[in-house]
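The structure appears right after this line, and notes come after that.
Residue numbers (the numbering used here): -14 to 73.
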């Protein structure tokens, strides 16, 4: 299996986005910054799974991406509500 130039570019951009998100996740400075960085990593992971579905021509990855994206969204909402409850 050989990746095209466009697919290699997509992988490179995903890697750069993961790097920036991990930096924000580790450095903060606030809890909200870390939550947003974790949510961004979840979105990037979902995009990566969709990319895998395209590269391997296997729609099962799309199902996994859909479930993962939904669970990540619910988790982010739960964390946001917990943070909101701590401030009130």
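Cβ atoms here follow ideal geometry from the backbone N, Cα and C, with glycine treated the same way. The structure displayed is predicted, hence computed values, not measured ones.
Residue i - DSSP class collapsed to helix/strand/coil
{"i": "residue 48", "result": "helix"}
{"i": "residue -12", "result": "coil"}
{"i": "residue 15", "result": "coil"}
{"i": "residue 24", "result": "helix"}
Distance between residue j and residue i (C-alpha atoms, nearest Å)
{"i": "residue 70", "j": "residue 0", "result": "34 Å"}
{"i": "residue -11", "j": "residue 30", "result": "20 Å"}
{"i": "residue 21", "j": "residue 61", "result": "8 Å"}
{"i": "residue -7", "j": "residue 4", "result": "16 Å"}
{"i": "residue 28", "j": "residue 12", "result": "20 Å"}
{"i": "residue 45", "j": "residue 14", "result": "38 Å"}
{"i": "residue 41", "j": "residue -9", "result": "15 Å"}
{"i": "residue 25", "j": "residue 51", "result": "15 Å"}
{"i": "residue -5", "j": "residue 56", "result": "24 Å"}
{"i": "residue 9", "j": "residue -13", "result": "33 Å"}
{"i": "residue 7", "j": "residue -2", "result": "14 Å"}
{"i": "residue 63", "j": "residue 53", "result": "15 Å"}
Option in the options with minimal Cα separation from residue i
{"i": "residue 68", "options": "16, 37, 55, 39", "result": "16"}
{"i": "residue 23", "options": "58, -14, -13, 66", "result": "58"}
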